[in-house]
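The numbers in UniProt numbering rise by one with no breaks, and the one at position 227 of the sequence shown is 227.
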Amino acid sequence: MRPNTDPPGSEPATVLVVDDEPQIVRALRINLTARGYRVVTAHDGAAALKAVAECGPDVVVLDLGLPDMDGTEVLHGLRGWTTVPVIVLSARGDSADKVRTLDAGADDYVTKPFGMDELLARLRAAVRRSAAASAGDGEALVETESFTIDLVAKRVRRDGAEVHLTRTEWGVLELLVRNRGRLVSQKQLLHEVWGPSYDTESHYLRVYLAQLRRKLERHPSRPRHLLTEPGMGYRFEL
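Following this line, the structure appears as structure tokens:
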């Protein structure tokens, strides 16, 4: 069975799995291969960096606890030259570890032990982002079931009527939408919308996300598009 993200006749998406636990590598290889992905593996950081350069994967699944270096070092090495989506797979469940990893350049973070269905869903989203980036996706209109965002005109319409957003509300929304499907850390949002001196003012985000949900979501208390990842950040989903 091929993943739903690939159009008929396209090449299978390549996933690089970086982990030194043989049972996890085996489980991922079996599950991903069964769903039509091409799987490449690496068991340490040096091999991972070499594999990314040689095979150009569509997405990397990266463990943090590698035998030769910490996974964050691999992230720093990758982010110097590639934007390939990276999903971190780690037993470190502390919020500080998650935030540090996201700030180092990870696109997503899944805690071990993990559910295969959840990982596969996040992997599909990462592959879609990778495919869009490779195609030079210049999409200006982003449409959900109830509202449309025009990234060029900087306007939002809900049920046909224009929605007034403040400059700050637009800044938060635009950053999330341009990274749709990707987890955006609290620090990144604060840094890019408010500035570097506001990196710890996470209460600002709670206030502005609540305002955006009231203006855009059909059910603000049960948002479908503007999602919170507790302790880590926010995500925009179509």
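All residues carry an ideal CB built from backbone N, CA and C; glycine is no exception.
Leaving aside the five residues before and after residue i along the sequence, list all residues of the same chain whose C-beta is less than 6 Å from its C-beta, in chain order.
i    : result
R29  : V39
I24  : none
A140 : L151, V152
Rounded to whole angstroms, what's the CA-CA distance from residue i to residue j? Just pull it up for me.
i    : j    : result
H219 : A126 : 26 Å
D58  : L49  : 14 Å
T200 : F147 : 31 Å
V110 : S90  : 7 Å
E169 : R100 : 25 Å
E118 : R206 : 25 Å
M116 : G71  : 21 Å
G160 : I149 : 12 Å
R213 : H225 : 9 Å
A13  : G36  : 8 Å
E21  : T82  : 26 Å
G181 : R128 : 9 Å
N179 : V86  : 14 Å
R26  : L75  : 23 Å
R158 : R167 : 18 Å
Are residue i and residue j close, meaning C-beta to C-beta below 8 Å?
i    : j    : result
S197 : Q186 : no
L123 : V15  : yes
V172 : V193 : yes
E229 : R235 : yes
A42  : V18  : yes
V84  : V52  : yes
V177 : G233 : no
G105 : R79  : yes
E73  : G45  : yes
L227 : E217 : no
L189 : L175 : yes
I'd like to confirm the pairing. Which residues does DSSP put opposite residue i in its beta bridges?
i    : result
D150 : L141, R155
A42  : V18
I30  : Looking at the DSSP assignment, I30 forms no beta bridge with any residue, so it has no partner.
D70  : G65
T228 : Y234
V59  : V15
Quick one: what's got a C-beta closer than 7 Å to residue i's C-beta in the same chain, skipping five residues either side?
i    : result
Q211 : E169
T144 : H225, L238
Can you find the residues in the same chain that come closer than 8 Å, C-beta to C-beta, to residue i, ignoring five residues on each side of it along the sequence?
i    : result
G231 : S95, K98, V99
E162 : R155, V156
D103 : S185, K187, Q188
L209 : V172, L226, T228, Y234
How about the segment 137-155 and the segment 56-75: do they share at least three Cβ pairs that are nearer than 8 Å? no
Do the segment 110-119 and the segment 75-92 touch if we need at least three Cβ pairs shorter than 8 Å? yes
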